[in-house]
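Chains as they are written, first to last, in full-length UniProt numbering: chain A, 1 to 341; chain B, 1 to 341. We treat Cβ as the ideally placed atom computed from N, Cα and C, and that holds for glycine.
Number of protein chains: 2
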Amino acid sequence: MSQRRVTIADVAEHANVSTAAVSKVLRNAYGVSPAMQTRVQEAIAALGYRPHAAARGMRGQTYTVGVLVPDVRNPFFPELIEGMVEHLGATNYQVLLGPGGSEPESQSRSIDAMVDRRMDGLILIAPIVGRRALEETARAVPTVVIGRHGRSADYDAVVDDDQVGAGLVVDHLADLGHRRIAHIEHRYTRRGSPTTMPQTVRAEGYRRAMERRGLGGYVDVVASTYTEEGGYTATKELLARPVRPTAIFAGADAAAIGTLNAVHEAGLSVPGDISVAGYDNTAIAALGPISLTSVDQDGHLMGVNAARMLLERVEGTRERSALLTLSPTLVVRRSTAPPPT
Amino acid sequence: MSQRRVTIADVAEHANVSTAAVSKVLRNAYGVSPAMQTRVQEAIAALGYRPHAAARGMRGQTYTVGVLVPDVRNPFFPELIEGMVEHLGATNYQVLLGPGGSEPESQSRSIDAMVDRRMDGLILIAPIVGRRALEETARAVPTVVIGRHGRSADYDAVVDDDQVGAGLVVDHLADLGHRRIAHIEHRYTRRGSPTTMPQTVRAEGYRRAMERRGLGGYVDVVASTYTEEGGYTATKELLARPVRPTAIFAGADAAAIGTLNAVHEAGLSVPGDISVAGYDNTAIAALGPISLTSVDQDGHLMGVNAARMLLERVEGTRERSALLTLSPTLVVRRSTAPPPT
DNA sequence: CTGAAAGCGCTAACAA
DNA sequence: TTGTTAGCGCTTTCAG
């Protein structure tokens, strides 16, 4: 299997310097003369040397940022990831994604795996592991959590104001004249601290907004999952109510898609019979035939900022933990209209 | 930042054995008595020890499989990834994904990064790097390439028969009575060996099938990209033809979505005015309002097999390179119908 | 500014 | 079967 890889020793020999000198050049460390700098760089180029990240990690950094991706199918995550990659692509750091799955156990496994591989920093997208475990890893390696509300002294956080987002939807629907506005929530049946999860905040935001609009008596939440299937099932349930809702606010576009399918299947029309709104403003929502009213989170911006905040911690520029809250906007499309008269 | 991590030395001390013994237990290596086995395992549990993957990699393996993901937005890739994760989840190996981007340069960077981190094996999803470079990395670390046609002595490959798939679509449309069947191809303007790429084989399969059906005179290929925007642009171009096609076969669902948007925007209906077919049978294709006729590749199966084949190489069970070709099927939905009369 | 030497946590080869 | 020892490729003191 091929010849031995070029190592720092080869470069040192080729350039007639010590390995320590090469190491310094590699890291732009203090204390190298311009002459040596160029000598070493020439040797590196001549030999096609690439430092061995795993070995570097044994003493210093691995120059790797790990990103926990709970659900590889969630179409919102690519926005985040592209934001991170864009920001980190300009640095020496490499991004590696850990497919975490939707269970706390599998996510923990993935997180541990990244820690065990000596990643310099971690970005966790809406992790559903317990707060305790979260803070423990955050104390071991700089961590930015995306999507979970509530601040921590140990990790930085980037969140979108889900409560405001839910309010935008309820206001929009109420303004159109809807009263029977139902909500589809994502709920996992595990322990943890659910109040900090986006889905909980969205559901709570929905409730508060309904009350604020004097629609407290119409509050109707179905617990399901933020998946197409979850939306489908929940909608079936809603359509079977003695008195049907005139609008369904799904907590995520993925679920809203399932809602559209179920409504479609029931022979009802959107928005003629029922208005449907989603959350995340996924690319799917913008599709002509779908045209789903949805809350936009600017995932790209969230990703960029998460990466930026993480680097500040990795490089020690900032000590104290920070929380960045971004504001959502509502994108109105053709899936919402006044209720049938 | 927390206390020192538990190392193999701590475990050895706690269990009153040598570090070598612990190492052996860790790897189920030959030559450990049951007694020591349990002693060590108890110590591991007691201290909450997790081996340091990066350090292991310095001498042995990292127990990490790297997957190059060119486009995090492509909805077909999650199928592959879930297949891999499912298969590898039952082993000691961890999956990490490298976001490669759609440029050869960024992909190479990502691949190198995974090699530099001593991954035990690589799965490359439709990489667009040159064959030379591909074989070079394959000689450095066991590699399975997904989606590129043509065999290699250095790497294993898993492909779906794209030529057959394109033929299925053309046959279906021709059977419906279409003649003006246009095709949207993905083309990047770089060097490389494009004939082995799926998009090239699909386009070629389209051409051959058209000729086979006596429609050689109607061949109409627009070079664009397998993205929503690419499909949109290409369709705009097709709709501007003096004589419009009656059917558009987009080489990927993502592009087909763009096609649907463009057709929709032009005030035309699908399939009334124009039939549209995609490729990959993505989850989006199945959505009620979309209902896109598409070629199904069983990405899950491809992922599982890629992972299986890779492990065979990593663990040395198989020496010779292998090529696995799977067959596609056509899923007919409501986006295709006879041409307008 | 430069280099020698120690050691990061682990595994492999060898000795006991 | 078990333990000892020598590194893997790099960074980091700390002398020179």
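| query | Is the number of C-beta pairs between the region 312-325 of chain B and the region 247-265 of chain B that are closer than 8 Å three or more? | reply | no
| request: Check whether the Cβ atoms of Ala126/A and Arg148/A lie closer than 8 Å to each other. | output: For the purposes of this step, residue 126/A is taken as the residue at position 126 of the first sequence. For the purposes of this step, residue 148/A is taken as the residue at position 148 of the first sequence. Going by C-beta atoms, Ala126/A is nearer than 8 Å to Arg148/A.
| said: Could you check whether the region 26-44 of chain B touches the region 27-42 of chain A, counting it as contact only if at least three pairs of C-beta atoms, one from each stretch, sit closer than 8 Å? | reply: no
| message | Considering just the uninterrupted stretch of the beta strand (DSSP E) at Val69/B, what are its terminal residues? | response | Taking the first residue of the second sequence as 1, we reach residue 69/B at position 69. Element bounds for Val69/B: 64-69.
| query | Would Val170/B be called buried (16 or more neighbouring beta carbons within 10 Å of its own) or exposed? | reply | As a working mapping, residue 170/B is identified with position 170 in the second sequence. Buried: at least 16 other Cβ atoms inside 10 Å.
| task | Find the nearest neighbour of Ala286/B within the set Arg244/B, Val332/B, Gly299/B, Tyr226/B, judged by alpha-carbon distance. | result | Numbered from 1 along the second sequence, position 286 holds the residue referred to as residue 286/B. The shortest C-alpha separation from Ala286/B is found at Val332/B.
| query | Quick one: which chain B residues come within Cβ less than 7 Å of Pro289/A? | reply | The residue given as residue 289/A occupies position 289 in the first sequence. Residues of chain B passing the Cβ test: Leu260, His264, Pro289, Ile290.
| request: Verify the CB distance criterion: does Pro127/A have a CB-CB separation below 8 Å to chain B? | output: One-based indexing of the first sequence puts residue 127/A at position 127. Judged by the 8 Å Cβ criterion, Pro127/A is not in contact with chain B.
| task | Below 8 Å between beta carbons is the criterion; list the residues of the region 31-62 of chain A that meet it against any residue of chain B, in chain order. | result | Arg50, Pro51, His52, Ala53, Ala54, Ala55, Gly57, Met58, Thr62
| message | Suppose only complete runs of 3+ residues qualify. What are the beta strand (DSSP E) ranges in the region 73-144 of chain A, listed by chain order? | response | 94-99, 121-125
| task | Could you name the residues of chain A that Thr64/B contacts, counting a contact when the two beta carbons are closer than 9 Å? | result | Here residue 64/B refers to the residue found at position 64 when the second sequence is read from its first residue. The answer, in chain order, is Ala113, Arg117.
| query | In the region 69-92 of chain A, which residues sit with their C-beta less than 8 Å from some C-beta in chain B, listed in chain order? | reply | Val69, Val72, Arg73, Pro75, Phe77, Pro78, Ile81, Glu82, Val85, Gly89
| query | Quick check: the region 239-252 of chain B against the region 176-183 of chain B, are there 3 or more CB pairs under 8 Å? | reply | yes
| said: So Ala155/A and Ser23/A are supposed to be a Cβ contact under 8 Å. How far apart are they, rounded? | reply: Residue 155/A sits at position 155 when you count from the first residue of the first sequence. Residue 23/A sits at position 23 when you count from the first residue of the first sequence. The identity of residue 155/A in the sequence shown is Tyr, whereas the question assumes Ala. Between Ser23/A and Tyr155/A the Cβ distance is about 31 Å, and since that is not below 8 Å, they are no contact.
| Taking 8 Å as the CB-CB cut-off, is Pro339/B touching chain A? | Within the second sequence, the letter at position 339 stands for residue 339/B. False, the Cβ-Cβ gap to chain A never drops below 8 Å.
| Which partner residues of Tyr279/B appear in the DSSP bridge assignment? | The count along the second sequence starts at 1 and reaches residue 279/B at position 279. According to DSSP, which records beta bridges pairwise, Tyr279/B is partnered with Val295/B.
| field | Per DSSP, cross-strand counterpart(s) of Val270/B | value | Within the second sequence, numbered from 1, the residue matching residue 270/B stands at position 270. In the DSSP output, where bridge partners are listed per residue, Val270/B has none listed.
| query | With which residues is Asp156/A paired in a DSSP beta bridge? | reply | Taking the first sequence and counting its residues from 1, one reaches residue 156/A at position 156. Asp156/A pairs with Val144/A.
| message | Here's the rule: buried if 16 or more other CB atoms are within 10 angstroms of the residue's CB, otherwise exposed. What is Thr38/A? | response | One-based indexing of the first sequence puts residue 38/A at position 38. Under this definition Thr38/A is an exposed residue.
| query | In chain A, which residues lie with their C-beta within 7 Å of the C-beta of Gln94/B? | reply | Residue mapping note: residue 94/B aligns to position 94 of the second sequence, counting from 1. Near Gln94/B (Cβ distances below 7 Å), the residues of chain A are Ala113.
| query | DSSP beta-bridge partners for His183/A? | reply | As a first step, residue 183/A is located in the first sequence; it is residue number 183 there, counting from the start. According to DSSP, His183/A bridges with Val221/A, Phe249/A.
| task | Check Ser335/A in the structure and name its three-state DSSP category. | result | Taking the first residue of the first sequence as position 1, residue 335/A is located at position 335. Coil at Ser335/A, not helix or strand.
| Using Cβ-Cβ distances below 8 Å, what residues of the region 203-234 of chain A are close to chain B? | Glu228
| said: Would Leu97/A and Leu97/B qualify as a contact pair, given that the criterion is a beta-carbon distance under 8 Å? | reply: Mapped onto the first sequence, residue 97/A falls at position 97. Mapped onto the second sequence, residue 97/B falls at position 97. Against a cut-off of 8 Å, the Cβ pair of Leu97/B and Leu97/A comes out as a contact.
| query | By how many angstroms is the C-alpha of Asn92/A removed from the C-alpha of Leu326/A? | reply | Here residue 326/A refers to the residue found at position 326 when the first sequence is read from its first residue. Here residue 92/A refers to the residue found at position 92 when the first sequence is read from its first residue. Answer to the nearest angstrom: the Cα atoms are 27 Å apart.
| field | Asn34/B burial status per 10 Å Cβ neighbour count (16 or more: buried) | value | Position 34 of the second sequence, counted from the start, is the residue given in the question as residue 34/B. Residue identity check: residue 34/B is Pro in the sequence provided, not Asn. Counting Cβ neighbours within 10 Å, Pro34/B comes out exposed, since fewer than 16 surround it.
| Whether Val295/A touches Leu330/A by CB criterion (8 Å) | Here residue 295/A corresponds to residue number 295 of the first sequence, with the count starting at 1. Here residue 330/A corresponds to residue number 330 of the first sequence, with the count starting at 1. In contact: Val295/A and Leu330/A (Cβ atoms closer than 8 Å).
| field | Host alpha helix (DSSP H) of Thr235/A (start-end) | value | Along the first sequence, one-based indexing puts residue 235/A at 235. It spans 228-239 - the alpha helix (DSSP H) in which Thr235/A sits, taken as one unbroken run.
| message | Between the alpha carbons of Ala90/A and Gly214/B, how many angstroms are there, rounded? | response | Here residue 90/A refers to the residue found at position 90 when the first sequence is read from its first residue. Here residue 214/B refers to the residue found at position 214 when the second sequence is read from its first residue. Approximately 52 Å between the Cα atoms of the pair.
| request: Please decide whether Pro271/A counts as near chain B, where near means a Cβ-Cβ distance under 8 Å. | output: As a working mapping, residue 271/A is identified with position 271 in the first sequence. No, no contact with chain B.
| Are Ala157/A and Val145/A close, meaning C-beta to C-beta below 8 Å? | Residue mapping note: residue 157/A aligns to position 157 of the first sequence, counting from 1. Residue mapping note: residue 145/A aligns to position 145 of the first sequence, counting from 1. Yes.
| Of the listed residues Arg202/B, Pro70/B, Ile184/B, nearest to Ala223/B (C-alpha basis) | On the second sequence, position 223 is the one that residue 223/B refers to. The candidate whose alpha carbon is nearest that of Ala223/B is Ile184/B.
| Near Asp162/B, what residues of its chain come up, given a Cβ to Cβ distance below 7 Å and the 5 sequence neighbours on each side ignored? | Position 162 of the second sequence, counted from the first residue, corresponds to residue 162/B. Answer for Asp162/B: Pro198, Val201, Arg202, Gly205, listed in chain order.
| said: Let me check one thing: in DSSP terms, what residues is Thr325/A bridge-paired to? | reply: Within the first sequence, numbered from 1, the residue matching residue 325/A stands at position 325. Beta-bridge pairing links Thr325/A to Val159/A.
| message | Going by DSSP in three states, Leu215/B sits in which element: helix, strand or coil? | response | By 1-based counting over the second sequence, the position of residue 215/B is 215. The answer is coil: DSSP assigns Leu215/B none of H, G, I, E or B.
| field | Identity of the residue in Ala254/B, Glu135/B, Arg117/B, Met210/B nearest Arg56/B by Cα | value | Counting from one through the second sequence, the residue named residue 56/B turns up at place 56. Comparing Cα-Cα distances from Arg56/B to each of Ala254/B, Glu135/B, Arg117/B, Met210/B, the minimum goes to Arg117/B.
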